[in-house]
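Peer 1: I have a structure I would like to understand better, so I am pasting it below and will then ask my questions one at a time.
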Amino acid sequence: MRSWKTPKGRQVVRSRVLAAALVGAWLGCGVAAWAADQVSETAMKEAKEIWQTRCATCHGQGGKGDGPAGVALNPKPRDLSSEEWQKSVTDDYIGKIIVGGGQAVGKSPLMAANPDLASKPEVVRGLTKIVRELAGKK
């Protein structure tokens, strides 16, 4: 094991320093990932308002695709409560659809884009959380 002495004469073992640095980096990544998933109360409030005014009109309150405006659409809006669909998509994919619309992922252009949300990633995360909470709802 390689080691060196500090200015005060303490011997330091390189492998312990490396291990501590790796643990710190690993924990730092975990904290960063956790922080990236957080949504402030303000952003969540805006996300809920957007869900009510833009999303639920086609997808319905429960996300089943049965909103008042969705009745006349062909194809019908996605059933966001479908557990099968929920398992098949990532949060990034959902965010891409929210901002870019159906065309952004090769789906129906009837799923409207929300380009104004491109500069509001925290609100998009809030909307993604709302979509995820619909999973399995009857």
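Residue 121 in numbering that gives the first Met the number 0 sits at position 122 of the sequence shown; the count goes up by one each step and never skips. Idealized CB from N, CA, C, for every residue including glycine. Given the structure is predicted, the values throughout are model-derived calculations rather than measurements.
1. For Arg124, name the three-state secondary structure that DSSP assigns.
2. Leaving out the 5 sequence neighbours to the left and right, which residues in its chain are closer than 8 Å to Val70 when beta-carbon positions are compared?
3. For Asp65, which of helix, strand or coil comes out of DSSP?
4. Assign Val104 to buried or exposed, taking buried as 16 or more other Cβ atoms, counted over all protein chains shown, within 10 Å of its Cβ.
5. Look at Ala42 and Glu82 and say whether their C-beta atoms are less than 7 Å apart.
6. Please state whether the Cβ-Cβ distance between Ala112 and Gly99 is less than 7 Å.
7. From Asn73 to Val38, what distance separates their C-alpha atoms?
8. Measure the beta-carbon distance from Leu79 to Val130 and round it to whole angstroms, keeping in mind my assumption that it falls under 8 Å.
9. Can you check which of these residues, Lys75, Ser107, Asp90, is closest to His58 by C-alpha distance?
10. Taking a contact to mean a Cβ-Cβ separation below 7 Å, would you say Thr127 touches Gly94 in this structure?
11. Going by DSSP in three states, Pro74 sits in which element: helix, strand or coil?
12. Do Ala55 and Gly64 come within 7 Å of each other at the CB atom, strictly closer than that value?
13. Measuring CB to CB, does Lys136 end up less than 7 Å from Gly61?
14. Looking at the secondary structure, which residues open and close the alpha helix (DSSP H) in which Met110 lies?
Peer 2: Answer, in terms of the structure:
1. Start at 1 with the first residue of the sequence shown, and residue 124 comes out as number 125. Note: Arg124 maps to helix in three-state DSSP.
2. Numbered from its first residue, the sequence shown carries residue 70 at position 71. Excluding residues up to 5 positions away in sequence, nothing lies with its Cβ nearer than 8 Å to the Cβ of Val70 in the same chain.
3. As a working mapping, residue 65 is identified with position 66 in the sequence shown. Asp65: coil per DSSP, three-state reduction.
4. For the purposes of this step, residue 104 is taken as residue 105 along the sequence shown, with counting starting at 1. It is exposed - the Cβ of Val104 has fewer than 16 other Cβ atoms within 10 Å.
5. The residue given as residue 42 occupies position 43 in the sequence shown. The residue given as residue 82 occupies position 83 in the sequence shown. For Ala42 and Glu82, no; Cβs fall outside 7 Å.
6. Within the sequence shown, residue 112 is the residue found at index 113, counting from 1. Within the sequence shown, residue 99 is the residue found at index 100, counting from 1. The answer is yes: Cβ separation under 7 Å.
7. Here residue 73 refers to the residue found at position 74 when the sequence shown is read from its first residue. Here residue 38 refers to the residue found at position 39 when the sequence shown is read from its first residue. In a straight line, the C-alpha of Asn73 is about 34 Å away from that of Val38.
8. The residue labelled residue 79 in the question sits at position 80 within the sequence shown. The residue labelled residue 130 in the question sits at position 131 within the sequence shown. Yes, they are in contact, since the Cβ atoms of Leu79 and Val130 sit about 5 Å apart, within 8 Å.
9. Within the sequence shown, numbered from 1, the residue matching residue 58 stands at position 59. Out of Lys75, Ser107, Asp90, Lys75 has the C-alpha closest to the C-alpha of His58.
10. Locating residue 127 in the sequence shown gives position 128, counting from the first residue. Locating residue 94 in the sequence shown gives position 95, counting from the first residue. Contact flag set, yes.
11. For the purposes of this step, residue 74 is taken as the residue at position 75 of the sequence shown. It is coil, neither helix nor strand.
12. As a working mapping, residue 64 is identified with position 65 in the sequence shown. As a working mapping, residue 55 is identified with position 56 in the sequence shown. No, these two residues do not count as a Cβ contact at 7 Å.
13. By 1-based counting over the sequence shown, the position of residue 136 is 137. By 1-based counting over the sequence shown, the position of residue 61 is 62. In this structure, Gly61 lies closer than 7 Å to Lys136 by Cβ.
14. For the purposes of this step, residue 110 is taken as the residue at position 111 of the sequence shown. Where Met110 is concerned, there is no enclosing alpha helix (DSSP H), given that its DSSP letter is neither H nor E.
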